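Novice: Add 678 to the 1-based position in the sequence shown for our numbering, that's all there is to it.
All C-beta atoms in this analysis are idealised placements derived from N, C-alpha and C, irrespective of residue type, glycine included.
Quick caveat, the model's predicted, so the values are computed rather than measured.
Following this message is one structure expressed as structure tokens.
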Amino acid sequence: MTIDKVLEIADMRAVYTQALVDAAEKNEKIVLLEADLMSATGTKPFFEKYPERAFNCGVAEGNMVGIAGGLSASGFIPFANTFTAFAARKTYDQFYITCNYALQNVKLVGSDPGITALYNGGTHMSFGDYGLMTTMPQLTVVEPSDRVSMYKLTQQLADMHGNCYLRIHRKGAETFYDASEEFEIGKGKVLRDGTDVTIITAGMVMVKEALKAHEILKESGISAAILDFHTIKPLDEELVLSYAEKTDAIVTFENAQRANGLGSAVASYLAESRPTKVTRLGIDDLFGEVGDLAYLQERYKLRAEDLVESVKKTLNK
């Protein structure tokens with residue numbers, strides 16, 4: 679499918695599936711594994727086009743990842759899909775040992791990150807998955823923010839040898855990038871330039887709110903740079919350092935626990951390389967709840983208004 683057609687797709691899960699279908703057309707080694715969530719995760723089109731390369735492993739996520747490790751050891755490129763909470767917590771030991779320790783080539787995909795689990799509630803809210811996955815040695819952690827980055831980064835991960843954790847939004851979609859935009863795993867993107875403060879964020883909901891905050895701050899005379907760190911690990915240290923030197927103030931904004939997340943990675947790096955004013959805005963040591971997106975964003979202070987307040991406090995430090 680052409681990228682222009684991708685921009686017409688309504689849901690991020692459908693963009694992901696289309697990227698996988700297109701990648702599988704070029705590479706017969708790509709296979710798909712599901713934990714009985716094909717309808718929810720939107721991967722039925724892959725099952726229909728490549729039934730001999732798609733496997734429903736049932737509600738047994740750890741077993742699914744074990745099978746993925748075996749398929750990888752046999753020369754295949756497995757994408758293993760489930761909800762983010764299950765991908766992070768229920769598969770952790772199998773993914774750590776069978777895939778990562780064994781230096782395989784497994785792509786673990788979790789959908790409905792953080793508060794976007796909505797009415798599935800706290801049991802399905804993966805606030806701690808950044809922390810779990812970024813501490814796994816040599817693992818690449820990616821979270822696309824829009825249709826263009828989802829399509830292109832998924833295909834890059836299919837071509838890249840090595841294990842990865844792909845955190846994707848399921849329902850709804852946004853387009854922040856031009857169709858011609860190119861991406862590189864491990865290199866962040868500058869969505870808006872700025873000279874007073876740098877906002878580092880990732881994922882569809884957070885990027886959308888950060889762009890809103892950029893406009894609100896501009897009305898107050900504050901020039902805010904917006905950086906989309908679609909790759910959480912490896913961290914783009916060069917981009918972090920360049921904007922720390924440029925603005926001397928950074929606010930991180932993430933749909934995950936503040937502990938061991940994107941903000942922690944940024945703060946840890948700067949503490950050792952260039953001490954900078956850093957504020958981390960994210961889930962503050964809390965469990966998830968049931969609710970719609972607007973309620974959950976207000977509950978966990980993940981709105982543009984919360985980001986604006988945090989930026990102003992940071993600049994006043």
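Between S789, T801 and V684, which has its C-alpha nearest S717's C-alpha?
Specialist: S789
Novice: Compute the Euclidean distance between the alpha carbons of Q816 and Y808, then round it to the nearest angstrom.
Specialist: 14 Å
Novice: May I ask whether a heavy atom of the ligand COA can be found less than 7 Å away from the beta carbon of F861?
Specialist: Absent from the structure shown: the ligand COA. Ligands present: none.
Novice: For D1002, I'd like the list of residues in its chain whose CB is within less than 8 Å of its CB, leaving aside the five on either flank, ordered along the chain.
Specialist: Lying before the first or after the last residue shown, residue 1002 is absent from the chain, which here runs from 679 to 995.
Novice: Identify, in the order they occur along the chain, each residue of the same chain with its Cβ nearer than 8 Å to the Cβ of T818, setting aside the five sequence neighbours on each side.
Specialist: L835, M838, G840, N841, C842, Y843, I863, G864, T909, K911 and P912
Novice: With a Cβ-Cβ cutoff of 8 Å, do I875 and T992 count as a contact?
Specialist: Note on identity: in this sequence residue 875 is Val, with Ile being the wrong assignment. Their beta carbons are under 8 Å apart, which means V875 touches T992 by this criterion.
Novice: Need the endpoints of the beta strand (DSSP E) that K867 sits in, please.
Specialist: Where K867 is concerned, the enclosing beta strand (DSSP E) stretches over K867 to R870.
Novice: Can you tell me the Cα-Cα spacing of R894 and V986, whole angstroms?
Specialist: Arg is not the amino acid found at residue 894; the sequence shown has Ile there. So the two alpha carbons sit approximately 7 Å from each other.
Novice: In this structure, how does DSSP classify L685 when only helix, strand and coil are distinguished?
Specialist: coil
Novice: If K830 and F861 are in contact, beta carbons under 8 Å, what's the gap, nearest whole angstrom?
Specialist: The pair is a contact, with the Cβ atoms about 5 Å apart (cut-off 8 Å).
Novice: Starting from N759, trace the beta strand (DSSP E) in both directions and tell me its first and last residue.
Specialist: Counting along the chain, the unbroken beta strand (DSSP E) around N759 starts and ends at I755 to F761.
Novice: Taking 8 Å as the threshold, find out whether the segment 936-953 comes into contact with the segment 971-988 through three or more Cβ pairs.
Specialist: Three or more beta-carbon pairs separated by less than 8 Å are not found between the segment 936-953 and the segment 971-988, which leaves the two stretches without contact.
Novice: Comparing C-alpha positions only, which one of F773, N734 and H802 sits nearest to L810?
Specialist: F773
Novice: Please state the DSSP three-state secondary structure of E706.
Specialist: DSSP places E706 in coil when its eight states are reduced to three.
Novice: With three or more C-beta pairs closer than 8 Å as the rule, is the segment 690-709 touching the segment 728-742?
Specialist: yes
Novice: Would you kindly report the start and end of the unbroken alpha helix (DSSP H) that includes T801?
Specialist: Careful: T801 lies outside any alpha helix (DSSP H) and carries neither H nor E.
Novice: Taking the beta strand (DSSP E) that R999 belongs to, which residues open and close that run?
Specialist: Nothing about residue 999 can be read from this structure; the chain reaches only from 679 to 995.
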